[in-house]
Amino acid sequence: MATVSAVASSPLHSAHKPDPLRQLGIMSLNGMFDEMDGVAVLKQAKEILPDDLAIVSSFGADSAVLLHMVAQVDVALPVYFLETGKHFAETLTYVETLKQHLGLTNIITLVPDPKDLARFDPNGDLWENDPDSCCHIRKTEPLDAAMEGYGGWVTGRKRYQTKERGVLPHFELTSDDRIKVNPLAYFSDVEVNAYKLKHGLPEHPLFAKGYKSIGCAPCTTIVAEGEDPRAGRWRGLNKKECGIHFDFNGAIAKPMAAEDLTLFKDGAFIADPFRVWTEGDDPASVRYTHIPVTVFLANRDAVLANPHPVGLLVSPGDRVEDVEKDLGRFASVAINFPGFTDGRGYSSARMIVERYGYKGEVRAVGDVLADQIPLMRRCGIEAFVVKHEPTRKALEAGALATVDVFYQPVGKTEVPLGTRPFLRRAV
Amino acid sequence: MYKYDEYDQQMVDARVAEFSDQVRRRLAGEITEDQFKPLRLMNGLYLQLHAYMLRVAVPYGTMSSKQLRMLGHIARTYDRNYGHFTTRQNIQFNWPKLRDIPKILELLASVEMHAIQTSGNCIRNITTDQFAGAAADEILDPRPVAEILRQWSSLHPEFLYLPRKFKIAMSGATHDRAAIRFHDIGLQATTNAEGEIGWEVWVGGGLGRTPIIGKLINPHVPHEHLLAYLESILRVYNRYGRRDNKYKARIKILVHEEGIDNIRAQVEEEFSHVKGGVLTLPQDELDRIGAYFAAPAFERLNSSAIDVAREKIINPSYGRWLDNNLNAHQRPGYVSVTVSLKPIGGAPGDATSEQMEAIADLAERYSFDELRVSHEQNLVLPHVKIADLPAIYEKLVEIGFAEGNAGLITDMIACPGLDFCALANARSIPIAQELSRKFAAPERQKQIGDLKIKISGCINACGHHHVGHIGILGVEKKGTELYQITVGGDATEQASIGDILGHGFVAEDVPDAIERLVDTYIARRESEAEPFIAAFRRLGKEPFKEALYGNG
Ligand code: SF4
Ligand code: SF4
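Those protein sequence lines, which keep their order, are chains A and B.
This note's numbering puts the first residue of the first sequence at 1401, with every later residue one more than the last.
This note's numbering puts the first residue of the second sequence at 983, with every later residue one more than the last.
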């Protein structure tokens, strides 16, 4: 146990790089528990992180299991609930129901900043036009602020949910040296339901009506039998996932830090709902992922049948002609610039936007730097995934040095009237 | 001449501001050299052997006296009092300081000049016939279209990160003085069966490591569709040009590997989408730009001839100059004058601040304020009254640019070579100087006649050695500088690439080797009227090979 106590005694916020001792500690922790021993995992976590552990719950269809375990360990553990102001009345009732039933004493409700609401969503209809921003002010921001102060938190994530999670351990160390605890890591769908039954946990009132994944009212619809539970979210809206840091199974998927707001769009950095395609992903079931053109072409039917929102990753050398007919299927097109000197993406972007009239989000990914962004914009790219720090700063400050007079009517830009008649876009 | 309107000026000013900021960020360490490099290259700033080198565009080789004076001023203030005119009709400054670059660019912008896209993997300054708008054999003045292409290609967001640099040359005359078949795209004015003027489009020519003569991709593109057609070519190249190997990245390799028919089909497919769209060039716009290049107020003169024979007796040097440095003009009583930047023993293409200023004065006084830079690294006074020739000559004598050697053996092209260039294998300027001295004697030059020697310090071929009647290429073998000699190249409409005849020579042996080639030609030519290149074509390479290496 020596290693474990080393973990327990070191200050949790100081180090930036995971230190090897801690990693070792995490490894041995993971070895200590039986697959289904969720409660023991929670206990251990509480011991390692006294007064430094939080739970976030959506009080959705599956949330009762984790909260039941929490109650067994300590009813006073802080449980955060995001009151977006857009929940079903049933959800709010359910919060009360669970609270009473489990005897939880420390449920903390997080509400959006009224100033933000007044400014960005005075009529309460932001979700309709710009769900990304709606989620941002109603979920991401409040949660961020609250989680800042914790050294670790408990998630309800489960291995079976995605391929990526197939290796999910009980304990994880994040890049900024915080600890994520996943007591339900080994639970299957069946086991979750069995647990609910065994302990007589109250069901979310909407569950029986066909709602399998429950979020805010305007953005949740009923899921058909056999459909992905989350297919009901934002159905029909060209919505990328909600400030996805907040996982619907009642967990924070990852810590919110400024660096995580990597997507620059409409003048601000926001949380990127999309993730990067990784080797081994299943084109038939990935969600919020940019599927490479080659993968798409090889699995066209599967992708078209995939019920989730997905994007398309166009890399240099890909023939956009081959995907012209299917572009409408994608919520977002990512143009890959593997190196900023590779200019093929400019041609791809122009063809997609100008020739094929694609209306969704077109973003640049890869080596995206301050000096190329104005060119990308002119070619129709309007969102940017930026990693380069000076570029971030320049974008944030609105300080891109750029030539905003130009001769060519490229992308969606116009050559101003009265200048170059022969280069003006025909109306 | 084209005059910037407000819009052009705004663009260039904005660009100066942008690059000044980039320089500031570089000096402040906010961006690395790796990140700065493509930015500075996009602004004509190279890092050379000794210092930064700034390359300034002279759009399609046309300048006013005010502009040349400014170049002289910059050379004096920020450089070592001279500039180097290049085979791309540009001028290079070899010693500017990074921190002075923003100021230099600002000064250039004040006279409607810039360094945009004089380097980097983008569309470079468009070059053309140095006698455009003056030459007697002209079908049309290519400069209005060149100006429109300049605008179209300037900061074109899609084409700033091409696989490799991209050069366009155009010729409006029947005789090709712009080497269009050795450019990525060459445009030759042509009249079709219906009598409409348009452009022959050649693609995939180039020198360098793999010299290739351009292929005809379209025999007639009318003005109105030219931009759309070029955009189509550029898009095909941007998407499919090789990026895995910088030596195979030029469009010539794409055309070579895929075949011209295949490329033509791809371009046509692209063109079918682009044609008739926003890039259609209306005649009134062409006319509007054309008006800037309207002929100056020529006087109505009788076609006076100068009695060169008589002048020769009085002053043989002047006579030689008249013989060689004049080009026939469209208007009676006028000629175009080539100011040779190749004084005997000088560095080809170099001019001092004082020389630039003096030539600017001449242009202002005698040539309607107009000047040209030729790809043969000379300056041209395009519209000169025959009556003014003596005064001009006198001034040129004063500044040391009165050599009557245009087109002769001492009018050599030479790249900067190992004296300046970071890529060089060998020196080129000293070789040029040696040869210049060796063949200095006027009678000897006259005897030899039309012979173009072109020298490059490495395989990049900035000195166009492949298309020299005699080409000299610096190579490095086992640590020593050697010079490979080629014979039979030609940059004109009878394009050909010179043959390598055998092993290279050490520097000391080059002048004698060239002399043996020249002697062989003189001994074997049919008459004085048969120039070197014609004799070579008739005789084949054997006699020249023997001249170089003996018959062993
Ligand atoms: S889920 Fe819908 S209503 Fe709720 S915060 Fe997001 S966009 Fe707004
Ligand atoms: S030919 Fe070679 S040596 Fe000469 S200037 Fe070009 S790169 Fe430099």
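Beta carbons: idealized from backbone N, C-alpha and C, even for Gly.
Owing to the predicted nature of the structure, the values given are computational and were not obtained by experimental measurement.
Exercise. Closer than 8 Å: is that where the CB of residue 1399 of chain B sits relative to any heavy atom of ligand 2?
Worked result: For the purposes of this step, residue 1399 of chain B is taken as the residue at position 417 of the second sequence. Yes, Cβ of residue 1399 of chain B sits closer than 8 Å to a heavy atom of ligand 2.
Exercise. Going by the C-beta, is residue 1709 of chain A closer than 8 Å to any heavy atom of ligand 1?
Worked result: Mapped onto the first sequence, residue 1709 of chain A falls at position 309. No.
For this session: Using a Cβ-Cβ cut-off of 9 Å, state whether residue 1260 of chain B counts as contacting chain A.
Result: Here residue 1260 of chain B is taken as the residue at index 278 of the second sequence, counted from 1. Closer than 9 Å: yes.
Problem set entry | chain A contact for residue 993 of chain B (CB, 9 Å cutoff) | Looking up residue 993 of chain B in the second sequence gives position 11. Yes, its Cβ sits closer than 9 Å to a Cβ of chain A.
Exercise. At a cut-off of 8 Å, is residue 1538 of chain A close to ligand 1 when judged by its beta-carbon and the heavy atoms of the ligand?
Worked result: Within the first sequence, residue 1538 of chain A is the residue found at index 138, counting from 1. Result yes, Cβ under 8 Å from ligand 1.
For this session: State the start and end residues of the unbroken beta strand (DSSP E) segment that holds residue 1788 of chain A.
Result: Locating residue 1788 of chain A in the first sequence gives position 388, counting from the first residue. Where residue 1788 of chain A is concerned, there is no enclosing beta strand (DSSP E), given that its DSSP letter is neither H nor E.
Exercise. Any heavy atom of ligand 1 within a distance shorter than 8 Å of the CB on residue 1545 of chain A?
Worked result: Numbered from 1 along the first sequence, position 145 holds the residue referred to as residue 1545 of chain A. Not so, every heavy atom of ligand 1 lies at least 8 Å from the Cβ.
Problem set entry | Which of helix, strand or coil DSSP assigns to residue 1303 of chain B | By 1-based counting over the second sequence, the position of residue 1303 of chain B is 321. In the structure shown, residue 1303 of chain B sits in a helix (DSSP, three-state: H, G or I).
Problem set entry | Nearest-angstrom Cα separation, counted from residue 1558 of chain A out to residue 1520 of chain A | Taking the first residue of the first sequence as 1, we reach residue 1520 of chain A at position 120. Taking the first residue of the first sequence as 1, we reach residue 1558 of chain A at position 158. Taking the straight line joining both Cα atoms gives about 35 Å.
Problem set entry | Members of the stretch 1091–1122 of chain B near chain A, C-beta cut-off 8 Å | 1103
For this session: Note the first and the last residue of the continuous beta strand (DSSP E) segment covering residue 1554 of chain A.
Result: Here residue 1554 of chain A corresponds to residue number 154 of the first sequence, with the count starting at 1. Element bounds for residue 1554 of chain A: 1552–1554.
Problem set entry | Minimum Cβ-Cβ distance from residue 984 of chain B to chain A less than 9 Å | Here residue 984 of chain B corresponds to residue number 2 of the second sequence, with the count starting at 1. False, the Cβ-Cβ gap to chain A never drops below 9 Å.
Problem set entry | Residues near residue 1420 of chain B by beta carbon distance below 6 Å, same chain, minus five either side | On the second sequence, residue 1420 of chain B is found 438 positions in, with the first residue counted as 1. Excluding residues up to 5 positions away in sequence, 1493 lie with their Cβ nearer than 6 Å to the Cβ of residue 1420 of chain B in the same chain.
For this session: Figure out for me which residue from A:1598, A:1570 and A:1447 has the closest Cα to the Cα of residue 1428 of chain A.
Result: Against the first sequence, residue 1428 of chain A aligns to sequence position 28. It is A:1570.
Exercise. According to DSSP, is residue 1648 of chain A helix, strand or coil?
Worked result: Here the question's residue 1648 of chain A lines up with position 248 in the first sequence. Annotation note: pLDDT 34 at residue 1648 of chain A (below 50); position unreliable, coordinate value reported separately. Coil, per DSSP.
Exercise. What residues from the stretch 1215–1230 of chain B come within 8 Å of chain A, judged by C-beta to C-beta, listed N to C?
Worked result: Answer in chain order: 1217, 1220, 1221 and 1225.
Exercise. Candidates B:1318, B:1051, B:1230 and B:1351: which alpha carbon is nearest residue 1338 of chain B's?
Worked result: Counting from one through the second sequence, the residue named residue 1338 of chain B turns up at place 356. Ranking B:1318, B:1051, B:1230 and B:1351 by Cα distance to residue 1338 of chain B puts B:1051 first.
Exercise. Do residue 1430 of chain B and residue 1489 of chain B come within 9 Å of each other at the CB atom, strictly closer than that value?
Worked result: Translated into positions along the second sequence, residue 1489 of chain B becomes position 507. Translated into positions along the second sequence, residue 1430 of chain B becomes position 448. Their beta carbons are not under 9 Å apart, which means residue 1489 of chain B does not touch residue 1430 of chain B by this criterion.
Exercise. Looking at the C-beta of residue 1013 of chain B, does it have a partner C-beta in chain A at a distance below 9 Å?
Worked result: The residue given as residue 1013 of chain B occupies position 31 in the second sequence. Yes, contact with chain A.
For this session: Give me the Cα-Cα distance between residue 1389 of chain B and residue 1305 of chain B, rounded to the nearest whole angstrom.
Result: Here residue 1389 of chain B is taken as the residue at index 407 of the second sequence, counted from 1. Here residue 1305 of chain B is taken as the residue at index 323 of the second sequence, counted from 1. Looking at the two C-alpha atoms, the distance is approximately 11 Å.
Exercise. In chain B, which residues lie less than 8 Å from residue 1574 of chain A when you measure between Cβ atoms?
Worked result: As a working mapping, residue 1574 of chain A is identified with position 174 in the first sequence. Those do not exist, as residue 1574 of chain A stays about 29 Å from chain B at its closest Cβ, beyond 8 Å.
For this session: Mind checking the stretch 1744–1757 of chain A against chain B and listing, in chain order, the residues whose C-beta falls within less than 7 Å of any C-beta there?
Result: 1744, 1746, 1747, 1750 and 1755
Problem set entry | Extent of the continuous alpha helix (DSSP H) to which residue 995 of chain B belongs | Within the second sequence, residue 995 of chain B is the residue found at index 13, counting from 1. Where residue 995 of chain B is concerned, the enclosing alpha helix (DSSP H) stretches over 988–1009.
Exercise. When the distance is taken between beta carbons, is residue 1185 of chain B closer than 9 Å to residue 1196 of chain B?
Worked result: Residue 1196 of chain B sits at position 214 when you count from the first residue of the second sequence. Residue 1185 of chain B sits at position 203 when you count from the first residue of the second sequence. For residue 1196 of chain B and residue 1185 of chain B, yes; Cβs fall inside 9 Å.
Exercise. Hey, which unbroken runs of the alpha helix (DSSP H) at 4 residues or more fall wholly within the stretch 1290–1349 of chain B?
Worked result: 1290–1296, 1298–1306 and 1335–1348
Exercise. Is the shortest distance between the beta-carbon of residue 1077 of chain B and the beta-carbons of chain A less than 9 Å?
Worked result: Here residue 1077 of chain B refers to the residue found at position 95 of the second sequence. Not closer than 9 Å to any Cβ of chain A, the Cβ of residue 1077 of chain B fails to qualify, so no.
Exercise. Looking only at its own chain, which residues have a Cβ that is under 6 Å from the Cβ of residue 1418 of chain B, when we skip the five neighbours before and after it?
Worked result: Position 436 of the second sequence, counted from the first residue, corresponds to residue 1418 of chain B. Result list for residue 1418 of chain B: 1326, 1327 and 1392, in chain order.
Exercise. Any C-beta of chain B sitting closer than 9 Å to the C-beta of residue 1807 of chain A?
Worked result: As a working note, residue 1807 of chain A is residue 407 in the first sequence. Residue 1807 of chain A counts as touching chain B.
Exercise. Is any heavy atom in ligand 3 found nearer than 8 Å to the beta carbon of residue 1596 of chain A?
Worked result: No copy of ligand 3 appears in this structure; the ligands present are ligand 1 and ligand 2.
For this session: May I ask you to report which of helix, strand or coil DSSP gives residue 1472 of chain B?
Result: As a working mapping, residue 1472 of chain B is identified with position 490 in the second sequence. Strand at residue 1472 of chain B.
Problem set entry | Any non-hydrogen atom of ligand 2 within 8 Å of residue 1215 of chain B CB | Here the question's residue 1215 of chain B lines up with position 233 in the second sequence. It does not: the Cβ of residue 1215 of chain B is nowhere closer than 8 Å to a heavy atom of ligand 2.
For this session: In the DSSP assignment, find the unbroken beta strand (DSSP E) run with residue 1457 of chain B in it and report its ends.
Result: Counted from its first residue, the second sequence places residue 1457 of chain B at position 475. Per DSSP, residue 1457 of chain B belongs to the beta strand (DSSP E) from 1452–1459.
Problem set entry | For residue 1153 of chain B, the first and last residue of its enclosing beta strand (DSSP E) | Numbered from its first residue, the second sequence carries residue 1153 of chain B at position 171. Looking at the DSSP string, the run of the beta strand (DSSP E) that includes residue 1153 of chain B is 1150–1153.
Exercise. Listed in chain order, which residues of the stretch 1018–1047 of chain B have Cβ atoms closer than 7 Å to some Cβ of chain A?
Worked result: 1020 and 1021
Exercise. What did DSSP end up calling residue 1677 of chain A once you bin it into helix, strand or coil?
Worked result: Counting from 1 along the first sequence, the entry for residue 1677 of chain A is found at position 277. Residue 1677 of chain A: coil per DSSP, three-state reduction.
Exercise. Which one of A:1770, A:1768, A:1717 and A:1484 has the shortest CA to CA distance from residue 1536 of chain A?
Worked result: Residue 1536 of chain A sits at position 136 when you count from the first residue of the first sequence. Per the Cα distances, A:1484.
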